[in-house]
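Note sheet for the following structure.
Number of protein chains: 2
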Amino acid sequence: MTLIATRQSVLDRVRTHRAMTPFLALDTGRVIESYHRLLDAVPGGEIYYAVKANSHKAVLSVLAAQGSGFDVASLTELEKALALGVSPERIIGSNPIKNEKFLRRAHEAGIYAVVADSTDEVEKIARFAPGMRVYIRLAVDNSGAVFPLDKKFGVSHEQAIEELLLARNLGLQPIGLAFHVGSQCVTVRNWIMALRSCGAIWHEAAQYGIHLTFLDMGGGYPIPTDETVATFGEIGEAISDAIAEFIPETPGLRVIMEPGRAMVGDNGVLVLTVEGRAQRGEKTWLYLDSGVFNGMGEILEGSTYPIFADTDAPATHTYTLAGPSCDSFDTIARDVDLPEMQIGDRLYFTNAGAYTIEYGSNFNGFAIPEVEILE
Amino acid sequence: MTLIATRQSVLDRVRTHRAMTPFLALDTGRVIESYHRLLDAVPGGEIYYAVKANSHKAVLSVLAAQGSGFDVASLTELEKALALGVSPERIIGSNPIKNEKFLRRAHEAGIYAVVADSTDEVEKIARFAPGMRVYIRLAVDNSGAVFPLDKKFGVSHEQAIEELLLARNLGLQPIGLAFHVGSQCVTVRNWIMALRSCGAIWHEAAQYGIHLTFLDMGGGYPIPTDETVATFGEIGEAISDAIAEFIPETPGLRVIMEPGRAMVGDNGVLVLTVEGRAQRGEKTWLYLDSGVFNGMGEILEGSTYPIFADTDAPATHTYTLAGPSCDSFDTIARDVDLPEMQIGDRLYFTNAGAYTIEYGSNFNGFAIPEVEILE
Chain A
1 MTLIATRQSV
11 LDRVRTHRAM
21 TPFLALDTGR
31 VIESYHRLLD
41 AVPGGEIYYA
51 VKANSHKAVL
61 SVLAAQGSGF
71 DVASLTELEK
81 ALALGVSPER
91 IIGSNPIKNE
101 KFLRRAHEAG
111 IYAVVADSTD
121 EVEKIARFAP
131 GMRVYIRLAV
141 DNSGAVFPLD
151 KKFGVSHEQA
161 IEELLLARNL
171 GLQPIGLAFH
181 VGSQCVTVRN
191 WIMALRSCGA
201 IWHEAAQYGI
211 HLTFLDMGGG
221 YPIPTDETVA
231 TFGEIGEAIS
241 DAIAEFIPET
251 PGLRVIMEPG
261 RAMVGDNGVL
271 VLTVEGRAQR
281 GEKTWLYLDS
291 GVFNGMGEIL
301 EGSTYPIFAD
311 TDAPATHTYT
321 LAGPSCDSFD
331 TIARDVDLPE
341 MQIGDRLYFT
351 NAGAYTIEYG
361 SNFNGFAIPE
371 VEILE
Chain B
1001 MTLIATRQSV
1011 LDRVRTHRAM
1021 TPFLALDTGR
1031 VIESYHRLLD
1041 AVPGGEIYYA
1051 VKANSHKAVL
1061 SVLAAQGSGF
1071 DVASLTELEK
1081 ALALGVSPER
1091 IIGSNPIKNE
1101 KFLRRAHEAG
1111 IYAVVADSTD
1121 EVEKIARFAP
1131 GMRVYIRLAV
1141 DNSGAVFPLD
1151 KKFGVSHEQA
1161 IEELLLARNL
1171 GLQPIGLAFH
1181 VGSQCVTVRN
1191 WIMALRSCGA
1201 IWHEAAQYGI
1211 HLTFLDMGGG
1221 YPIPTDETVA
1231 TFGEIGEAIS
1241 DAIAEFIPET
1251 PGLRVIMEPG
1261 RAMVGDNGVL
1271 VLTVEGRAQR
1281 GEKTWLYLDS
1291 GVFNGMGEIL
1301 EGSTYPIFAD
1311 TDAPATHTYT
1321 LAGPSCDSFD
1331 TIARDVDLPE
1341 MQIGDRLYFT
1351 NAGAYTIEYG
1361 SNFNGFAIPE
1371 VEILE
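First to last, the protein sequences are chains A and B. Just so we're aligned, residue 1 is where the first sequence starts under the working numbering, counting upward by one. Just so we're aligned, residue 1001 is where the second sequence starts under the working numbering, counting upward by one.
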């Protein structure tokens, strides 16, 4: 397993961090670096961090200090962003379904805009957040993404036009379009195709007198899990070219990105301890103090984490790794090559900064890992 | 969808319970009934409720009042049981992997016994809980279970004998055997086969002077999701016959059951509200105020919940149901036939008493449903 994503220096620092396991070590300095790397890759772009990836206060604080905006999906996330002192203008609501409480609070607080992708939603926004800016989410191809999000959200070209017109008729301010290429999208093709779709709607809307300026490209910017994954630079270049081609000459155009995983994924390491060991037929099992239920829930969606021991000593054993619960779905990884492990040894799960503590439950009475900030 | 499992009367009472959704309505009166139905089905048997299925205080309290014992898997679960005033003698630790803290506390509190299924674990118990009673968990066939648990836990016949001998040599009290046929096990065959395996080890252990008396048959007792599922009565009869055949003439034999789902599964109903609605191609989606991440995580393991609307009016529409988060894994069910649903209408997910709030996380800032007790 190579260290493409989580750099050696992070791992080295985590290995000497002596907190009680299980914990999630976060390198907030590198979160800042990731923020600027993505921002620099898309000239003129703006970042609205997707709070759902990791809503820990330390992450939100460092991003707010860099000037990041925030994409919030629920009342809890909205209140977290507001509590940090983030300007409401720097908050958007990109969850296509929002309840009355959220909309009333968003309207009262004066957040910049919210998304819609159904007639019911446009009507709900008009009712509970009258006059608000809205943007319409399109359904786009997610086939290049590790975690596709299509089908659940997004409208067709025709429906996008209908919703924009409905929004205007109901007194809302239709300002733009949004899409999501899928989480951990490894190819630039998805962005190009999505921007082509946006361009067509953009021009048709103008014919109806609706001049869009807000282009929300969602998340999906990948962490570099291997050499084939598109880099921020490649994605940025493709995006810039596609915008120039499909959405030229838009005065006041705002290009929004909503990265989640890309800001925190490879800047977090889950540190666990071996609590049990058993030989089961040909397999040697190690039982750890946290698992699928307490933080590594993305495993059930097909995710994997590069795993390291306390040293870089050569691997001499092959293990099956499991979490602490009585549930057999709580099996973390199979056939993992490692140095020989004893009860009490620690293991390091890299690329674990996003969708870990957020997915975590206390099933079977085992705690969600605490966050430790690497200074 | 028929109401085999959750009886009409429960649903009727939940429909008139006006708490704010999302909530999990629990019928604790029926928990008591389930307890006695299983107990009556296995003459001479004892129940140690598997706390992991639903650790809500109301559930633990009514079971404790009936005289139930408790199977705890973690320090948190142990402290919950002790805090209720349950006698430590009525607590066992059937998680095959236990950490130092749990073992020290279990020993100090004087719980009745703990399980082991590896050499490392027997040594750990001897070190942190010297002199304790131990029972050894066997690997048994889980092929008749909806949620198989094999592979992660359990030893072979030969290793069981080794661990019993090791336990004795290390000053522990080897008292018995345990197995688990798999969660929601729908056929009696698994219990019969497992008891046959137990019998063989039981007799061999006696030849070494280890006279076992503690037979822990674990959980897996199914809730009646359809007519093909074995009833408590059928399972109890098969168990009694198998014990008489394979483990005859054991003075002081204790027959332990560790039901979790069977005590609470069909006595709980998740009540959610429709917050959004969208037409996506041919499909109509309803978005609810709780979903896969907040309580219905077993869906990712293949579970389903019989779903009902506010009335028993004929189904006229087909819906896709999704939870409130931005994540497309948060899709609850597809092609559900229901009366026409509007935003604000409630839906009832039956058979939801077990592994729902326990699996729940706050992902995306959405809360785990609160528990409401149906008096």
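Glycine is no exception: its CB is placed at the ideal position from the N, C-alpha and C atoms.
Subject >> Whether L1078 of chain B touches M1263 of chain B by CB criterion (8 Å) >> reply: no
Subject >> Contacting residues, own chain, Cβ-Cβ under 7 Å from I235 of chain A (five flanking each side not counted) >> reply: A41, V188, W191 and Y221
Subject >> The beta strand (DSSP E) enclosing T1213 of chain B, as first and last residue numbers >> reply: Here T1213 of chain B belongs to no beta strand (DSSP E), and DSSP marks it neither H nor E.
**OP:** State the Cα-Cα distance for the pair M20 of chain A and Y1319 of chain B, rounded to the nearest angstrom.
**Re:** 47 Å
Subject >> Rounded separation between S197 of chain A and L1338 of chain B - CA only >> reply: 35 Å
Original post:
Around the Cβ of T28 of chain A, are there at least 16 other Cβ atoms within 10 angstroms (buried) or fewer (exposed)?
Top reply: buried
Original post:
For A1073 of chain B, which residues in chain A fall below 9 Å Cβ to Cβ?
Top reply: P324, S325, C326, N364, G365 and F366
**OP:** Assess, as a yes-or-no matter, whether the stretch 1047-1059 of chain B is touched by the stretch 1293-1302 of chain B under the definition of 3 or more beta carbon pairs within less than 8 Å.
**Re:** no
**OP:** Indicate the three-state DSSP secondary structure (helix, strand or coil) for P43 of chain A in the structure shown.
**Re:** coil
**OP:** Just the chain A side, please: which residues come within less than 8 Å of P1148 of chain B by C-beta, in chain order?
**Re:** S328
Original post:
Is the stretch 65-81 of chain A touching the stretch 1358-1375 of chain B in the sense that three or more CB pairs, one from each, lie closer than 8 Å?
Top reply: yes
Subject >> Reduced DSSP category for M1341 of chain B - H, G, I as helix; E, B as strand; rest coil >> reply: coil
Original post:
Could you give the distance in angstroms between the alpha-carbon of R1013 of chain B and the alpha-carbon of I1111 of chain B?
Top reply: 39 Å
**OP:** Give me the Cα-Cα distance between E1372 of chain B and V1010 of chain B, rounded to the nearest whole angstrom.
**Re:** 13 Å
Original post:
Cα separation between H211 of chain A and K124 of chain A?
Top reply: 23 Å
Original post:
Does DSSP put C185 of chain A in a helix, a strand or coil?
Top reply: strand
**OP:** Compare the C-beta of T2 of chain A against all C-beta atoms of chain B and say whether one is closer than 8 Å.
**Re:** Residue placement at T2 of chain A is poorly supported in this model, since its pLDDT is 46, which falls under 50; the coordinates are not used for a value here.
Original post:
For A160 of chain A, which of B:D1335, B:H1317, B:L1288 and B:R1280 has the nearest alpha-carbon?
Top reply: B:R1280
Subject >> Test: Y221 of chain A CB closer than 8 Å to a CB of chain B >> reply: no
**OP:** Using the Cα positions of I408 of chain A and L195 of chain A, report the straight-line distance between them to the nearest angstrom.
**Re:** Residue 408 of chain A lies beyond the residue range present for chain A, which begins at 1 and ends at 375; the question has no answer from this structure.
**OP:** Determine the closest residue to R1261 of chain B out of B:A1242, B:T1225 and B:I1243, with distance taken between C-alpha atoms.
**Re:** B:T1225
Original post:
M1 of chain A by DSSP, collapsed to three states: which one?
Top reply: In this predicted model, M1 of chain A has a pLDDT of only 40, less than 50, meaning its place in the structure is not dependable; the value taken from the coordinates is given anyway. Looking at M1 of chain A - three-state DSSP - the assignment turns out to be coil, as it is neither helix nor strand.
**OP:** Please report the residue range of the beta strand (DSSP E) in which T1250 of chain B lies.
**Re:** Neither: T1250 of chain B is in no beta strand (DSSP E) and is coded neither H nor E.
Subject >> Where E1358 of chain B meets chain A, residues with beta-carbon distance less than 7 Å >> reply: F363
Original post:
By DSSP, does H203 of chain A sit in helix, in strand, or in coil?
Top reply: helix
Subject >> 7 Å Cβ cut-off: residues of chain A touching I1032 of chain B >> reply: The premise fails here: I1032 of chain B is roughly 24 Å from chain A at the closest Cβ pair, so nothing lies under 7 Å.
Original post:
Would a C-beta distance cut-off of 8 Å place I1332 of chain B and R1277 of chain B closer than the cut-off?
Top reply: no
Original post:
Span of the beta strand (DSSP E) holding R1090 of chain B?
Top reply: Counting along the chain, R1090 of chain B falls outside any beta strand (DSSP E), and DSSP gives it neither H nor E.
Original post:
Closer than 8 Å, CB to CB, is N1376 of chain B near chain A or not?
Top reply: A question about residue 1376 of chain B goes unanswered here, because the residues of chain B that appear run from 1001 up to 1375.
Original post:
For chain A, is any of its Cβ atoms less than 8 Å away from the one on I1052 of chain B?
Top reply: Residue identity check: residue 1052 of chain B is Lys in the sequence provided, not Ile. It does: the Cβ of K1052 of chain B has a partner Cβ on chain A nearer than 8 Å.
Original post:
Does the Cβ of H157 of chain A lie closer than 7 Å to at least one heavy atom of the ligand NAD?
Top reply: The model on display carries no ligand, and the ligand NAD is accordingly not part of it.
**OP:** Could you tell me which chain B residues have their CB closer than 7 Å to the CB of Y287 of chain A, listed as they occur along the chain?
**Re:** I1097
**OP:** Sort A:T213, A:T231 and A:K98 by Cα distance to P248 of chain A and report the nearest one.
**Re:** A:T213
Original post:
In terms of residue numbering, what span does the beta strand (DSSP E) encompassing D1027 of chain B cover?
Top reply: Neither: D1027 of chain B is in no beta strand (DSSP E) and is coded neither H nor E.
Subject >> Distance between F1246 of chain B and H1157 of chain B (C-alpha atoms, nearest Å) >> reply: 15 Å
**OP:** Please go through the same chain and pick out, in chain order, the residues whose beta-carbon is closer than 7 Å to the beta-carbon of G199 of chain A, but skip the five residues on each side of it.
**Re:** F246 and I247
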